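K.L.:
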Amino acid sequence: MYCSNCGSIMDDRQAFCPFCSTPNPNYRQNVPPPQYGPYNYGPPQFYRDVSPYSPYNVNPENEPAETPLLVFSAIEPIIGLIAGIASLSRHEKRAGRAYLLAAGISFGVRVLIVIMYVVFSVLLIS
Ligand SMILES: [Zn+2]
1170 MYCSNCGSIM DDRQAFCPFC STPNPNYRQN VPPPQYGPYN YGPPQFYRDV
1220 SPYSPYNVNP ENEPAETPLL VFSAIEPIIG LIAGIASLSR HEKRAGRAYL
1270 LAAGISFGVR VLIVIMYVVF SVLLIS
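For the sequence shown, the positions run 1170 to 1295 when this note's numbering is used.
1. Which same chain residues end up closer than 8 Å to Arg1197 when comparing Cβ atoms and leaving out the 5 residues on each side of it in sequence?
2. Near Ala1264, which residues of its chain fall below 6 Å by C-beta distance, leaving aside the five closest residues on each side in sequence?
3. Whose CB is closer than 6 Å to a heavy atom of ligand 1? List the residues in chain order.
4. Tell me which residue opens and which closes the alpha helix (DSSP H) that Ser1173 is part of.
5. Verify whether the separation of the beta carbon atoms of Phe1185 and Ser1177 is less than 7 Å.
6. Taking only the alpha-carbon atoms, compute the straight-line gap between Thr1236 and Ala1267 and give it to the nearest angstrom.
See the structure below:
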């Protein structure tokens, strides 16, 4: 609220105005202080801080994506698949099966990671 005498902003936890010492009629003890921290976007009753540079907005989604790693991760099983097909077309059955097995395991691990990511996201949100 605002001081009735000088108009400066007063917190309900302040018994007197810090500028002119007028008593605060809204004074309440044991009001919990506003909670700050990562993942807490500041006191929403006062303002909403939307700056991505604010220390209160440490959000994993604001961090840069590891794009080259993601691209390699996505094409790696495809490389194995192509190498396997190429080997089989040259009648190199052992090498072809090995490449295809590696590509399959690699793809399966990615599917598992995506499933775990979705499951844990749902568990953490709810
Ligand atoms: Zn005042």
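Just so it is clear, CB atoms sit at the ideal spot from N, CA and C, and this is done for glycine as well. Model, not experiment: these values are computed from the prediction.
P.N.:
For this structure:
1. Asp1181, Arg1182
2. Ser1256
3. Cys1172, Asn1174, Cys1175, Ser1177, Cys1186, Phe1188, Cys1189, Thr1191
4. Premise fails: Ser1173 is in no alpha helix (DSSP H) and is neither H nor E.
5. no
6. 28 Å
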